[in-house]
Each structure stands twice: as structure tokens, then as C-alpha cells.
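All letters in the sequence shown, in the order written, are residues 48 to 141 by this note's numbering. Built from N, CA and C at the ideal position, the CB exists for glycine as well. Since the structure is predicted, the reported quantities are computational estimates derived from the model, not experimental observations. Take a look at the structure set out below.
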Amino acid sequence: MYEKPLEFVTYYEKQLEIAKRFVLIRKNKKISQRRLSEISGVSYASIRRFEKTGDISLASLVKLALALQLYDDLDNLFKERKEYKSIEEVINDR
């Protein structure tokens, strides 16, 4: 079975990575920070700070994700992933 190598990243690096992905999604949907603030209820300053530093409360992050209709992303956050040890386990799980 393939094991993913350990990655050592700081929480800050992970925050910035998430913020960068968020900015790309927002821009691809052609929604400005101000408009996102209006539809999400998250302050414009909080959105700017999040996109620059990755710092945001969980409640605000959920509001932003819902405003951008990122339902699947929220549903899959921390979802348990079953790891199979054999093809038989995969077949029997169906």
C-alpha cells in the first residue's frame, strides 16, 4: 500500500495556502471582496485580512464558503477517509 510521505508545514503556511485557494475561487466566480462581504455577512476588513494572512474565524470561514456555494468542500472537511488494505475490502464495502 502506498504511504504518503510526511509533510512538515506550519499552521501559518497552511492558512496561506487555503487563503490563496479561496482567492482563486472568489475571482473565478467574479465576486469582489465588497460583494462577498454583502452576501456573506462577513466584514470587508475580515475578508481582506483572510486573503492576505489566512487569519479568520471558523464561523466567518463557513459563512464565506456558503456564500460561494462551496457546500461539498464544507461537507468534506475532516471527513473520515476509510483506507482499504485489499481489493476484497473494497468489494465487500459496496
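How far does the alpha helix (DSSP H) with residue i in it extend, from its first residue to its last?
i	result
Gln62	58 to 75
Arg82	80 to 87
Ser107	105 to 114
Lys99	91 to 100
Tyr118	118 to 123
Glu127	Note, Glu127: premise wrong, no alpha helix (DSSP H); not H, not E.
What's the gap between the Cα of residue i and the Cα of residue j?
i	j	result
Val89	Tyr58	23 Å
Arg73	Glu54	27 Å
Leu71	Glu127	27 Å
Lys61	Glu98	13 Å
Glu136	Val109	35 Å
Ala112	Ile65	12 Å
Ala92	Arg82	12 Å
Gln116	Ser133	36 Å
Ser79	Asp120	21 Å
Under 8 Å, do residue i and residue j count as touching if we go by C-beta distance?
i	j	result
Ser87	Ala106	no
Identify whether residue i lies in helix, strand or coil by the three-state DSSP scheme.
i	result
Glu54	coil
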